[in-house]
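Q: First, the structure itself, so that you have it in front of you.
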Amino acid sequence: MAYEYNPESSRFNLPNPHRVENLLLIVAGVAQLAVAAFALWIGREWLVQHAGQVAIRPLAIGVALLISGLLTVGMVMRQLVFYFGRNQPAPLADVLSPQKDGVTESGLGLRETIRQNAISFETPVGGFDQLLYKMIPDLVFSPPPVQGRARVQFYNAAVLLAIFLCFAIASFGVINAAAKSWIHLGFLLLTALVVLKPLRARAGKLSLGIKPFVVLLLLSIIVPVLLSMTATRPLLYADKIHLGMLTTVFLLLALAANLLFLFALLGQTLRPDRISMANHLETLSMNAHPRQLLLELDRQLQGMWTEKIPNRAYSRVSPQIEAGTGAFTGELLEESQPVPRDAAALNFGSALQMREYRYLVIVDLFALIAALVGCGLLAYAASSKSIAAIDPLVLGAQLVAVSWYGFRTTTFLWRRFEFSSRAWWLEISGNYQTSNVDYGRVLEDAVKTRKQVVNIDDMTLRVWVADFYSVAFGPDQPRFLLSMSGEQAEAERLAKHLREFAESQSALLAPGSSRDIESAQRLAAMNAMGDRARTDAVSRGDAAAAYLAAKDDPAPQG
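My numbering applies: residue 614 is where the sequence shown begins, and numbers increase by one.
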């Protein structure tokens, strides 16, 4: 990404939005690296003491926490410095424009949004989506990334609740210890899969339709019965490990993280307070090419550039005029450089007071506490040679996984940036007729002028002006329109100016530069000299004719 810098303007030098998150992440990462070093040191000491079998546990804990800690610190380093270029955020037209044959028709969607005086939002389709939007009505007005993440988390929560229900059904009434240990292990692994899958890059939502749920429910009823009749050998150390308790705690922790994140998404919902568009219609006539109106509007808009940054041109259709008569259309659609609405640096106090970030801080604090408690349990498990330390080992690993789950789900919401901008749209259409206008005496003047005049009667001119409120989740991410407010006074002002400009256009072509004026004066002088010469010639011709007439007549006889 190219970063454009101008020392005269700091309006686009936005503070790092990850300051609060990075602080919590670095604490979690340092804790994991510290416990990893402690576990590796213990494992090394036990290897020196020739206790290789016992050293496997602390070495495994150390390697796992070392990888997790380095990934956490790496996440902080990727978010340590935040640059925002002047060519960002992304244009609105790229998001609103539909695609035809894989090619984006730039400006089409934005024009329709302006024309229809309404913003298009995604609507729920499936049954779970309908339930979610019924519980959170304002979610429909949220940007697509927020809606998508809300659906993902809601599906995850539904899957976890389904697993919890099936786990309770499968565990109820099972007396056989061997069967119970295998059942608990199966649901523990299934819960881990549900929690860890969203941590993968580009992981989609978990899907649990009616058929998979019915199959899981039937398995929860039938498999325990079959295991009770066939299983005779429990898991190794099943009497020392409380798999049922560990599975229950894991499910409750994952559900708590999902619930908190859904509350965080609630803070991101925003019902548009105003959606309006202002336009002004003019009917005018002019004797000039209609392209002149677009050029004049260009000059007007250049004087309104934000921080001297050129506007974003989404559409420009120049009217086409040919000889004779015909119809024409033209348009110009531009948006000013989006300006951040709030560039204040975030801290714990301001984040907790703001609706958009309050629950994000709570989710990350929950993730940090889970990481610290998990690291403590893993440190105890690494330093103990007892079989009873397996419970703290498994529970610590679950807490670290839930911590990663919490941090990863909130990262993109911290990059919420709100922008204000203004859009102008000019539409012109009408009929034209071309003709030639000559000025000057054809036989007498040496200085003459001719111009092909485009005569336009009753041309329709529409000017649309509105202020946009948009949001983006990152400098290189799409920007989404949330609300718009029409500016009627500005639309009327521009339309009046263009009308006066059209009426002032000259139908004659006249010399305008100083050299043209000098040349015209010389030509006028030459024309005057030519007139005097012709007059003198006529006078001389008349005298000669009189002389010849007198010579030809006979002399009178005296």
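By construction, the Cβ of each residue, glycine as well, lies at the ideal position given by its N, Cα and C atoms.
Span of the alpha helix (DSSP H) holding residue 642?
A: 632-661
Q: Measure the alpha-carbon distance for residue 972 versus residue 911 and round it to whole angstroms.
A: 46 Å
Q: Let me make sure I understand the geometry here. Which of 728, 693, 637 has the alpha-carbon closest to that of residue 891?
A: 728
Q: Helix, strand or coil for residue 935, going by three-state DSSP, please let me know.
A: coil
Q: What would DSSP say about residue 627, mapped onto helix, strand or coil?
A: Looking at residue 627 - three-state DSSP - the assignment turns out to be coil, as it is neither helix nor strand.
Q: What did DSSP end up calling residue 1095 once you bin it into helix, strand or coil?
A: strand
Q: With a 10 Å radius around its C-beta and 16 neighbouring C-beta atoms as the bar for buried, classify residue 918 as buried or exposed.
A: Result: exposed.
Q: For residue 944, which option in 952, 992, 927 has the closest C-alpha, if you only look at C-alpha atoms?
A: 927
Q: Residue range of the beta strand (DSSP E) that residue 895 falls in?
A: 891-900
Q: Exposed or buried, residue 1022, counting other C-beta atoms within 10 Å across all chains shown (16 or more means buried)?
A: The residue in question, residue 1022, is buried, as its Cβ has 16 or more Cβ neighbours within 10 Å.
Q: Which word fits residue 881, buried or exposed, when buried means at least 16 other C-beta atoms lie within 10 angstroms of its C-beta?
A: buried
Q: List the residues that DSSP assigns as beta-bridge partners of residue 1072.
A: According to DSSP, residue 1072 bridges with 897.
Q: So, with DSSP's three-state summary, where would you put residue 785?
A: In the displayed model, residue 785 falls within coil according to three-state DSSP, outside both helix and strand.
Q: Could you tell me the alpha carbon to alpha carbon distance between residue 970 and residue 662, rounded to whole angstroms?
A: The alpha-carbon atoms of residue 970 and residue 662 are separated by roughly 51 Å.
Q: Pick from 1027, 1099, 773: whose alpha carbon is nearest that of residue 958?
A: For residue 958, the closest of 1027, 1099, 773 by C-alpha to C-alpha distance is 1027.
Q: Judging by CA-CA distance, which residue of 932, 974, 1017 is the nearest neighbour of residue 1045?
A: 932
Q: Under 8 Å, do residue 979 and residue 1107 count as touching if we go by C-beta distance?
A: no
Q: Pull the bridge partners of residue 943 from the DSSP assignment, please.
A: 1041
Q: How long is the line joining the alpha carbons of residue 627 and residue 1031, rounded to whole angstroms?
A: 12 Å
Q: Rounded to a whole number of angstroms, what is the C-alpha to C-alpha distance between residue 1083 and residue 867?
A: 33 Å
Q: Which residues share a DSSP beta bridge with residue 1082?
A: 1033, 1096
Q: For residue 1078, I'd like the list of residues in its chain whose CB is within less than 6 Å of its CB, leaving aside the five on either flank, ordered along the chain.
A: 891, 1037, 1100, 1103, 1104
Q: Pick from 705, 634, 637, 652: whose alpha carbon is nearest that of residue 1095?
A: 705
Q: Which same chain residues, not among the five before or five after residue 965, have their C-beta less than 8 Å away from its C-beta?
A: 971, 974
Q: Can you grab the Cα-Cα spacing for the pair residue 1073 / residue 889, in whole Å?
A: 22 Å
Q: Taking residue 779 as the reference, give the member of 637, 764, 800 with the closest Cα.
A: The candidate whose alpha carbon is nearest that of residue 779 is 800.
Q: Report buried or exposed for residue 794, applying the criterion of at least 16 other Cβ atoms within 10 angstroms of its Cβ.
A: buried
Q: Okay, do the segment 893-904 and the segment 975-994 touch, 3+ Cβ pairs below 8 Å being the bar?
A: no
Q: How many Å lie between residue 642 and residue 683 at the Cα?
A: Looking at the two C-alpha atoms, the distance is approximately 7 Å.
Q: State the CB to CB distance for the pair residue 679 and residue 649, rounded to an integer number of angstroms; the pair is presumed to be in contact (CB under 8 Å).
A: 4 Å
Q: By the three-class DSSP mapping on this structure, what secondary structure does residue 767 have?
A: In this structure, residue 767 counts as helix in the three-state DSSP scheme.
Q: CA-CA distance, residue 647 and residue 774?
A: 35 Å
Q: For residue 1010, which residues from the same chain have a beta carbon less than 8 Å from its beta carbon, with the 5 sequence-adjacent residues on both sides left out?
A: 677, 987, 991
Q: Give me the residue from 781, 1116, 1041 with the minimum Cα distance to residue 930.
A: Put simply, of 781, 1116, 1041 the residue whose alpha carbon is nearest the alpha carbon of residue 930 is 1041.
Q: Rounded to the nearest angstrom, what separates residue 639 and residue 653 at their Cα positions?
A: 21 Å
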